[in-house]
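Residue numbers (the working numbering): 174 to 285.
Ideal placement from N, C-alpha and C gives every residue a C-beta, glycine not left out.
Since the structure comes first, as structure tokens, the remarks are kept for the end.
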């Protein structure tokens with residue numbers, strides 16, 4: 174995958190594509206992600222985790238609404254989503270709930 178294909182797939186600026194492309198390509202090569210569909214899914218997942226390739230750390234700052242997909246997939250109960258998610262009016266998820274989120278089934282969903 175060349176840088177232009179990556180830029181288009183990730184929907185990022187040339188500057189962000191230049192920053193991320195070699196690392197994404199290296200990771201895909203290392204882990205045998207060679208089929209175009211698999212590469213697209215990997216880029217989508219990595220982009221979501223890295224806030225559209227703007228940061229290098231995992232964000233556990235999910236809202237209760239943002240965890241709805243995990244509830245629908247059966248990975249969390251609605252009660253777990255309510256306790257782990259950022260509540261309306263909270264500027265960010267408190268550290269204690271971020272830690273709980275890390276240890277929840279949400280991480281297992283992505284094989285992390």
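Task: Local conformation of residue 256 per DSSP, three classes - done: Three-state DSSP puts residue 256 in a helix.
TODO: Mind checking which residues open and close the alpha helix (DSSP H) that includes residue 195?
DONE: Element bounds for residue 195: 187-203.
Task: Whole-number beta carbon distance between residue 273 and residue 249, since they are thought to touch under 8 Å - done: That pair is no contact at about 12 Å.
Task: Residue span of the alpha helix (DSSP H) that contains residue 179, given as start and end - done: Start and end: 176-183.
TODO: Please confirm whether residue 288 and residue 179 have their CB atoms less than 8 Å apart.
DONE: Only positions 174 to 285 of the chain appear in the structure, and residue 288 is not among them; the question remains open.
Task: N- and C-terminal bounds of the alpha helix (DSSP H) containing residue 241 - done: Where residue 241 is concerned, the enclosing alpha helix (DSSP H) stretches over 241-245.
Open item on the list: Between the alpha carbons of residue 244 and residue 264, how many angstroms are there, rounded?
Closed with: One Cα belongs to residue 244, the other to residue 264, and the distance between them is close to 23 Å.
Task: Per-residue burial, residue 204 [other beta carbons within 10 Å of its own, 16 or more giving buried] - done: Exposed is the call here.
Open item on the list: Measuring straight from C-alpha to C-alpha, what distance separates residue 175 and residue 191?
Closed with: Rounded to the nearest angstrom, the two C-alpha atoms are 10 Å apart.
Task: Distance, residue 211 Cα to residue 193 Cα - done: The straight-line gap from Cα to Cα measures roughly 18 Å.
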